[in-house]
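Residue numbers are given in this note's numbering: position 66 of the sequence shown equals residue 66, and the series is strictly consecutive.
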Amino acid sequence: MSDIVVAKRYAKALFEAAKEQNAVAQVETELTEIVQTIQDHAELRSVLDHPNIDVPAKRQLLSNIFADRISPLVMNTIKLLIDRRRQSLLPIVLSDFVQISNESLGQADATIYTALPLSEVQVKEIADNFSRMTGKQIRVQTVVDPSLLGGITVRIGDRLYDGSLAGKLERLEKSLKQAQAM
């Protein structure tokens with residue numbers, strides 16, 4: 001069975017358990033913290049991925065690091081992944097968990113790229129517009145990207161809404177080249 005299918009099953013089971021406990025947001029936060037910590041610390045990642053380090057030692061290590069900061073539900077899921085030597089699937093499990101959670105709760109994650117920082121009012125207005133357009137509650141992350149020159153680009157899932165000056169110039173250049181070719 002492919003890793004993608006396996007990760008989706010773990011994410012779905014974790015989501016169902018979290019939903020029963022009314023802890024979906026908490027579980028997402030905890031999973032994000034664990035994945036980020038593992039990604040940020042190469043030594044920890046190498047210990048977890050090392051085939052000669054036994055499973056109980058890996059479990060104990062994660063318990064020592066996270067026991068006071070994460071729920072038993074998340075800790076048990078992490079331990080299960082370690083027991084089955086699938087800890088490398090954790091980032092995929094997180095991604096799938098967020099996707100399942102968003103679908104179930106009628107939410108969508110949006111990343112707003114702008115050339116200059118936006119005020120909270122501007123971010124809220126953009127989120128409200130996309131919320132009306134998608135019919136979902138929008139959770140926003142903003143990224144400043146000076147290469148856009150002006151305007152905004154918004155990514156929601158696999159959709160990209162490009163209202164940037166750089167994007168408009170690129171489309172104009174493309175249409176001029178097509179007109180020249182005729």
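Heads up, the beta-carbon is just placed ideally off N, CA and C, and yes, glycines get one too. From a predicted model like this one, the values you see are computed outputs, not experimental measurements.
{"Asked": "Short check: CB of Thr114 to CB of Leu14, under 7 Å?", "Found": "no"}
{"Asked": "Could you spell out the range, first to last residue, of the alpha helix (DSSP H) harbouring Gln180?", "Found": "Leu165 to Ala181"}
{"Asked": "Drop a sphere of 10 angstroms on the beta-carbon of Lys174, count the other beta-carbons inside from all chains shown, and report buried for 16 or more, exposed for fewer.", "Found": "exposed"}
{"Asked": "Can you tell me the Cβ-Cβ gap for Lys58 and Ile82, rounded? I've got them flagged as a contact below 8 Å.", "Found": "5 Å"}
{"Asked": "Measuring alpha carbon to alpha carbon, tell me which residue in Asn52, Pro72 and Leu48 is nearest Leu61.", "Found": "Leu48"}
{"Asked": "Which residues bound the alpha helix (DSSP H) around Ile92?", "Found": "Leu90 to Leu105"}
{"Asked": "As an exercise, report each continuous alpha helix (DSSP H) stretch of at least 4 residues that is fully enclosed by the stretch 13–72, in chain order.", "Found": "24–40, 42–49 and 55–66"}
{"Asked": "Whose CA, out of Ala11, Ile92, Thr111 and Thr29, lies closest to the CA of Asp162?", "Found": "Thr111"}
{"Asked": "What residues match up with Tyr10 in a beta bridge as DSSP calls it?", "Found": "Bridge partners of Tyr10: none, in fact."}
{"Asked": "Measuring CA to CA, which of Val5, Glu103 and Gln36 is closest to Lys19?", "Found": "Glu103"}
{"Asked": "Applying the criterion that 16 or more other CB atoms from any shown protein chain within 10 Å of the CB defines a buried residue, is Asp40 buried or exposed?", "Found": "exposed"}
{"Asked": "If Gln107 sits next to Arg139, beta carbons under 8 Å apart, how far is it from one beta carbon to the other, in whole angstroms?", "Found": "6 Å"}
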